[in-house]
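Protein chains: 2
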Amino acid sequence: MPHALPELHRLDGSSALELIKSNQITVEDYVQALIKRIEERDPVVKGWAHFNQDEALAQARALDALPADKRGPLHGLPVAVKDVILTKDMPTQYNSAAYVSKAPIAMDAACIMTLRSSGALILGKTTTTEFATCQRGPLTTNPHDSTRTAGGSSSGSGAVVGDFQCPISLGTQTGGSTIRPGSFNGIYALKPTWNSISREGLKIYSLTCDTLGLYARSVADLKLLAEVFRLEDDVTPPATPLSLKGAKFGFAKTHVWPRATEGTQNAWEKAKDLLKEEGAEVEEIDLGPEFEEIWRLYPYVLAGEGRTAFLGDFLTHPDVLDPLILSHVRNDTKITRAQQLEGYDKIAALRPKIDAIAARYDALVTPSTTDEAIKLEEPNRFTGDASFNLMWTVLQVPVMNIPGFKGPSGCPLGLSLVAPRYHEQKLLRVGEAVGQVWGERGGWKSAL
Amino acid sequence: MPHALPELHRLDGSSALELIKSNQITVEDYVQALIKRIEERDPVVKGWAHFNQDEALAQARALDALPADKRGPLHGLPVAVKDVILTKDMPTQYNSAAYVSKAPIAMDAACIMTLRSSGALILGKTTTTEFATCQRGPLTTNPHDSTRTAGGSSSGSGAVVGDFQCPISLGTQTGGSTIRPGSFNGIYALKPTWNSISREGLKIYSLTCDTLGLYARSVADLKLLAEVFRLEDDVTPPATPLSLKGAKFGFAKTHVWPRATEGTQNAWEKAKDLLKEEGAEVEEIDLGPEFEEIWRLYPYVLAGEGRTAFLGDFLTHPDVLDPLILSHVRNDTKITRAQQLEGYDKIAALRPKIDAIAARYDALVTPSTTDEAIKLEEPNRFTGDASFNLMWTVLQVPVMNIPGFKGPSGCPLGLSLVAPRYHEQKLLRVGEAVGQVWGERGGWKSAL
C-alpha cells in the first residue's frame, strides 16, 4: 500500500479514486482517514453543520460492496455539501433558527442526484451563513489561522477542503460566496456559468445570481466534477496541457480596485511577473464605465429578488430570521421594480460584451478578494468583502479561484480567472497551467 | 344562511371567505361542499393526483378552531396545487414513474408557505404532464366536454377550478401551461411576471421561463391572491374600476396568427367589437420581425436549460422517464451553448421593448390558444398547442387569460391580456373590466 492510512486525507480526490479503483484501498479506508482528520480538527475549524461518522461509513461500505461494473466515475469520492442544498438522508438547516431539525427533507437536490448516481459519497453538511444570504458568519474558523474567517457564505465548504477534511465540497454563490472562501482557504474554486448545473433543491436568494460552486484542492478534481456535471464547451479544447508561452491574459482590475489592499496588490504584480516569466502576454485592460454601472445595478437585482424569495419564510417564521432577510421582504431600501428591471436589462446587455472581451484572451484575471482572510470579530463574525465577485456573478460568466499567493499575515489568497459563458473546459485548462505556476512560485504553501 | 350547503361549491373564493368571516358558514361546511362536488365529478374529470378528504377536513377543522385574531386574509380558502409543487403533508409525484410515492417530501414550496401562513387550506394535488415538461397528458378530461383535453401541463389545476371542485389552484407555465388550461376550462388564469412569486420548491425545467401560475373563476379571487403574494406595481392603480370608455387596447396577432382557427378567429373579432361598443380604442398592432425571431430562439433556451435541469433525474432513473426528458439531456436537437446564449441575449434585449410597447396601452390583447380544447386522443392525450404563449413566457411579462368566448363545438376559449413586467395590479384592473364584458357577451357560459 503506497500510502499509510493516516495520510490518505492529504490526497486530492482523483488520486484517492485511483487507489480505490486499483483496489489498493477501500472506500471505507479512505473515509476512515477523513473521519480521523475531522475528529482531530473539527473542534478548531467547526466546518460541519451535520456530520455523522456512522452514516458516512455506511455509505462507504455500501459503495465497497458494489461490483466493479456498477461503479460510477466518482466511485468513493467524499463530497461535503453546503447546508443550503437538500440531501435526502441528512438534515438541511440553512443556519436558520427556523429550520433547526434533525429530520432530513426527503429529497436530493439535482446536483446531489448527479453526484450520487456517479458514485460519490455525501460526507456531511457544511456551515453557511443564514440562507446563504446574510453576512453574519457561522462558528467556522479559517484552517490556516483560527483567528480568521473562512469566508462565506460557503464557510464550511471552503474550510473543510482547505483543511484536508474532505477532498471536494459544494458551495453556492450569489455575490462572492464561492470564490471568497476559495481565496481565503487556499483552494481551487469554480463558479461555473449560471444555470450550467441545475439549482433544483438549493435555497433561492437571487434567481439571476445564485450559482452552485465547486471546491477542490486540484484542478484534476474540478475536471472530474465538470465531466460528471457535463460542463461541456461547444468546442472541446485540446486534451494537451496549455503552454503559457504565448498565452494571453487580460488583467482587469475593475472599478473595485481601490478596495484591494496589500495582499491582493502584491499578488497582482507577482501574478503578472510569473506569467511573463513563462512567456505569456499580459495586458492590463479597462472594462470601461458601462461595467462600472454594475456597481449601482447589482443591488437592484439582489434586493428585488430577495424581496420575492423570502416572502414565504417571512410570513411563516418572522421572529427568528436575520434582519437582512426581513429587510429584503419589507424592501427597506425602497428599490422599485423599475430599478430592478433596469438592473436586469442593462446587465443582460453586458453579458455578450463581457463574453466577447474574455474571448480575446486565454482568460481574464481579476482579484478574488480584497486581501487574505480578515480577523473574526464577535458578534457578527463578518465573512469578508464580496466586492470583487459581484460583477462576474451577475454577468453569469465562469470564474475560477487559483490559490498560491500570500497575504501580509501569511494567510492564503487567490486570484480569479474568468472565461466567457459556457467555457468551463477552456477555463479549467488555463487554470491548470496557471495554477501550476502560481501554486509553486506564488509564495504561499499550506502548512497544514 | 343565504346559500344552501350543496351550492357552496359554486361560489368564488372571495364570496365563500365572506361567508366564513361573517360566521354564516364554517370552513368545514365549505370543504364538505367541495368534497361532495369532487365525489360526484372526479370519476369523469380526474383532476386530482392526490386528494384525501380526511386530510382536507382536518385542515378545515384546524382553521375553524383558530380564534378570530389568528385568522389570515385567506382564512379557509381551499387551494388545489399542481403536483410539481412541494407540499410538506402530501406526496409530490410529478406524474413520473420515478416519483411514485405516498410519502410527502417534508417541505413546503415558498408559495405554499405564503398561502398557508395567510390561512389557505391545501385541498390536494392536481394532475400534470410529467415534470410539467412533456406533452403526453394525464387522464384528466375537460369538465365542459369529457372527450376533450383540459389542456396542460397544469391539467388538473385548470379542470378542478373550471369544474367548481375548488375555487383556486396553482399551476406553472414554461410554454403555455397556465394560460392554455385557463382558456380550455373557461376560467381566469394569471401568469405573473417571471420570478415575481418565488419558484422555490417547484420542479425546474427552464429557469428563464418557468413561472408559477394562478387560477380562479373571478378576478376578485386573483386580486386576493395578488395581494397575498405581494404583486405590487411601483405605482398602485386607482381602486376604482377601469372605465372602458377611452381605454386603449393593442391587439397583437403576432407571427403565430396563422395557427389560429375558427374559434380564436371569431373570438378575436368579437372581442374587438365588444370593446369598441364600450367606447374603447382598439388598434391592431404588428410587433415586427424582431419579435418573430423568438420563434427561432425560444427552443434554444428551452433545450439548453432542459439539458441541465434533468441531468440528475436522467442519471438516477433513466429507464422510466419520458423520451422528451431523455432527449433534452442527450441534447438530441444538437443545440449549442452558443445558440442558447444567442437566445438569452436577444430575448433579453426584447424585454424592455415589449414593456415599452405594452405601456402605450391599457393592455395588449393576444390569443390564448389556437382554438377551444382539442379532442383527447390515445395514447398520448396531447394537451394542445402552446404556440401563442411561448413568446410572452420567455419575455417574462404578466399574462392573464380572460374567459368568455365559445369555440365551434361550444367549448370555452379565452383571450390573453398582457401588461409590462411588474404591472400585475394594472393588468388585474383591466382584466376585471374586460372580463365583465367578454364574460357576459362573449358567447360562452358554463353549463356546469
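Top to bottom, those sequences are chains R and B. Position 60 of the first sequence, counting from 1, maps to 60 under the working numbering, and the rest follow consecutively. Position 105 of the second sequence, counting from 1, maps to 1105 under the working numbering, and the rest follow consecutively. We treat Cβ as the ideally placed atom computed from N, Cα and C, and that holds for glycine.
Exercise. On the premise that B:Arg1421 lies in contact with B:Asp1313, defined as a C-beta separation below 8 Å, what is that separation, rounded to the nearest angstrom?
Worked result: The residue labelled residue 1313 of chain B in the question sits at position 313 within the second sequence. The residue labelled residue 1421 of chain B in the question sits at position 421 within the second sequence. With 8 Å as the limit, B:Asp1313 and B:Arg1421 do not qualify as a contact, their Cβ atoms being about 31 Å apart.
For this session: State the Cα-Cα distance for the pair B:Thr1208 and R:Glu424, rounded to the nearest angstrom.
Result: Walking along the second sequence from the start, residue 1208 of chain B turns up at place 208. Walking along the first sequence from the start, residue 424 of chain R turns up at place 424. Cα to Cα, B:Thr1208 sits roughly 21 Å from R:Glu424.
Problem set entry | Nonlocal neighbours in the same chain, by C-beta distance under 6 Å from R:Leu225, ignoring five residues either side | Here residue 225 of chain R corresponds to residue number 225 of the first sequence, with the count starting at 1. Cβ neighbours of R:Leu225 beyond the five flanking positions: Leu214.
For this session: For R:Phe468, write down the residues that DSSP places opposite it in a beta bridge.
Result: Residue 468 of chain R is absent from the structure shown; chain R starts at 1 and stops at 448.
Problem set entry | chain B contacts made by the stretch 295-309 of chain R, where a contact means CB separation under 9 Å | Gly304, Glu305, Arg307, Thr308 and Ala309
For this session: Report yes if the CB atom of B:Asp1221 is closer than 8 Å to the CB atom of B:Pro1181, and no otherwise.
Result: Here residue 1221 of chain B refers to the residue found at position 221 of the second sequence. Here residue 1181 of chain B refers to the residue found at position 181 of the second sequence. No.
Exercise. If you follow the alpha helix (DSSP H) that R:His328 is part of, which residue opens it and which one closes it?
Worked result: Position 328 of the first sequence, counted from the first residue, corresponds to residue 328 of chain R. Here the alpha helix (DSSP H) through R:His328 covers Pro323 to Arg330.
Exercise. What do you reckon, are the CB atoms on R:Met107 and B:Thr1316 nearer than 8 Å?
Worked result: One-based indexing of the first sequence puts residue 107 of chain R at position 107. One-based indexing of the second sequence puts residue 1316 of chain B at position 316. Against a cut-off of 8 Å, the Cβ pair of B:Thr1316 and R:Met107 comes out as no contact.
Problem set entry | Separation of B:Lys1426 from B:Gly1156, as counted between CA atoms | The residue labelled residue 1156 of chain B in the question sits at position 156 within the second sequence. The residue labelled residue 1426 of chain B in the question sits at position 426 within the second sequence. Cα-Cα distance, rounded: 28 Å.
Exercise. Of the choices R:Asp371, R:Ala33 and R:Leu11, whose alpha-carbon is the least far from that of R:Pro412?
Worked result: Here residue 412 of chain R refers to the residue found at position 412 when the first sequence is read from its first residue. Measuring from the Cα of R:Pro412, the nearest candidate turns out to be R:Asp371.
Problem set entry | R:Glu200 at chain C interface by Cβ criterion, 8 Å | Absent from the structure is chain C; the protein chains it does hold are R and B.
Exercise. Using a Cβ-Cβ cut-off of 6 Å (strictly less than) and excluding sequence neighbours within five positions of B:Ala1098, which residues of its own chain qualify?
Worked result: Looking up residue 1098 of chain B in the second sequence gives position 98. Cβ within range, chain order: His1317 and Val1320.
Exercise. Relative to the C-alpha of R:Trp194, which residue among B:Ser1327, B:Leu1341, B:Arg1259 and B:Gly1279 is closest?
Worked result: On the first sequence, residue 194 of chain R is found 194 positions in, with the first residue counted as 1. Selected option, being the one with the closest Cα: B:Leu1341.
Problem set entry | Distance, B:Asp1029 Cα to B:Arg1116 Cα | In the second sequence, counting from the first residue as 1, residue 1116 of chain B sits at position 116. In the second sequence, counting from the first residue as 1, residue 1029 of chain B sits at position 29. The alpha-carbon atoms of B:Arg1116 and B:Asp1029 are separated by roughly 19 Å.
For this session: Give the interface partners of R:Cys209 over in chain B, defined as CB-CB distance under 9 Å, in chain order.
Result: Counted from its first residue, the first sequence places residue 209 of chain R at position 209. Result: empty, since nearest Cβ-Cβ is about 12 Å, beyond 9 Å.
Exercise. What is the residue span of the beta strand (DSSP E) that R:Leu121 lies within?
Worked result: On the first sequence, residue 121 of chain R is found 121 positions in, with the first residue counted as 1. Unbroken beta strand (DSSP E) run through R:Leu121: Leu121 to Thr126.
Exercise. What residues match up with R:Gly250 in a beta bridge as DSSP calls it?
Worked result: For the purposes of this step, residue 250 of chain R is taken as the residue at position 250 of the first sequence. Answer by DSSP bridge pairing, in chain order: R:Glu283 and R:Leu364.
Problem set entry | Extent of the continuous beta strand (DSSP E) to which B:Pro1352 belongs | The residue given as residue 1352 of chain B occupies position 352 in the second sequence. Looking at the DSSP string, B:Pro1352 is not in any beta strand (DSSP E); the run it does join, the alpha helix (DSSP H), is Arg1337 to Ala1359.
Exercise. Quick one, which residues of the stretch 398-424 of chain R are near chain B if we go by CB-CB under 9 Å, in chain order?
Worked result: Pro420, Arg421, Tyr422 and His423
For this session: List in chain order: all unbroken beta strand (DSSP E) runs of 3+ residues lying wholly within the stretch 181-260 of chain R.
Result: 188-191, 211-216 and 248-252
Exercise. For B:Gln1173, which beta-bridge partners are listed by DSSP?
Worked result: By 1-based counting over the second sequence, the position of residue 1173 of chain B is 173. DSSP output for B:Gln1173 lists B:Thr1211 as bridge partner(s).
Exercise. How would you write the range of the alpha helix (DSSP H) that B:Ala1159 sits in, first residue to last?
Worked result: For the purposes of this step, residue 1159 of chain B is identified with residue 159 of the second sequence, where counting begins at 1. Counting along the chain, the alpha helix (DSSP H) containing B:Ala1159 begins and ends at Ser1155 to Gly1162.
Exercise. How long is the line joining the alpha carbons of R:Lys406 and R:Ala62, rounded to whole angstroms?
Worked result: Indexing the first sequence from 1 puts residue 406 of chain R at position 406. Indexing the first sequence from 1 puts residue 62 of chain R at position 62. Roughly 42 Å between the two C-alpha positions.
Exercise. Anyone know if the C-beta pair for B:Val1081 and B:Ile1122 falls short of 8 Å?
Worked result: One-based indexing of the second sequence puts residue 1081 of chain B at position 81. One-based indexing of the second sequence puts residue 1122 of chain B at position 122. In contact: B:Val1081 and B:Ile1122 (Cβ atoms closer than 8 Å).
Problem set entry | Any chain B beta carbon closer than 8 Å to R:Gly439 | In the first sequence, the residue the question calls residue 439 of chain R occupies position 439. False, the Cβ-Cβ gap to chain B never drops below 8 Å.
For this session: Scan the stretch 1188-1199 of chain B for residues whose Cβ lies nearer than 9 Å to a Cβ of chain R and list them as they occur along the chain.
Result: Thr1193, Trp1194, Asn1195, Ser1196, Ile1197, Ser1198 and Arg1199
Exercise. At a CB-CB cut-off below 7 Å, which residues of chain R make contact with B:Ala1049?
Worked result: Here residue 1049 of chain B refers to the residue found at position 49 when the second sequence is read from its first residue. Correct list: empty, because the minimum Cβ distance to chain R is about 17 Å.
Problem set entry | Where R:Asp89 falls: helix, strand or coil (DSSP) | Residue mapping note: residue 89 of chain R aligns to position 89 of the first sequence, counting from 1. Three-state result, R:Asp89: coil.
Problem set entry | Cutoff 6 Å; reference R:Glu18; Cβ partners in own chain excluding five residues on either side | Translated into the one-based positions of the first sequence, residue 18 of chain R becomes position 18. No residues qualify anywhere along the chain.
Exercise. What first and last residue would you give for the alpha helix (DSSP H) that runs through B:Lys1021?
Worked result: In the second sequence, counting from the first residue as 1, residue 1021 of chain B sits at position 21. Counting along the chain, the alpha helix (DSSP H) containing B:Lys1021 begins and ends at Gly1013 to Lys1021.
Problem set entry | From R:Ile197, R:Arg148 and R:Trp444, residue whose alpha carbon lies closest to that of B:Arg1307 | As a first step, residue 1307 of chain B is located in the second sequence; it is residue number 307 there, counting from the start. Here the closest residue by C-alpha is R:Ile197.
Exercise. For B:Thr1147, which option in B:Gly1410, B:Gly1435 and B:Gly1442 has the closest C-alpha, if you only look at C-alpha atoms?
Worked result: Mapped onto the second sequence, residue 1147 of chain B falls at position 147. Ranking the options by Cα distance to B:Thr1147, first place goes to B:Gly1410.
For this session: Measure the alpha-carbon distance for R:Pro104 versus R:Thr92 and round it to whole angstroms.
Result: Here residue 104 of chain R is taken as the residue at index 104 of the first sequence, counted from 1. Here residue 92 of chain R is taken as the residue at index 92 of the first sequence, counted from 1. So the alpha carbons of these two residues sit roughly 6 Å apart.
Exercise. Rounded to a whole number of angstroms, what is the C-alpha to C-alpha distance between R:Arg296 and B:Lys1046?
Worked result: Numbered from its first residue, the first sequence carries residue 296 of chain R at position 296. Numbered from its first residue, the second sequence carries residue 1046 of chain B at position 46. R:Arg296 and B:Lys1046: Cα-Cα distance of roughly 51 Å.
Exercise. At a Cβ threshold of 8 Å, is R:Gly312 touching chain B?
Worked result: If you number the first sequence from 1, residue 312 of chain R lands on position 312. At least one chain B Cβ lies under 8 Å of R:Gly312.
Problem set entry | Under the three-state DSSP convention, the category R:His9 falls into | As a first step, residue 9 of chain R must be located in the first sequence, where it is residue number 9. Helix.
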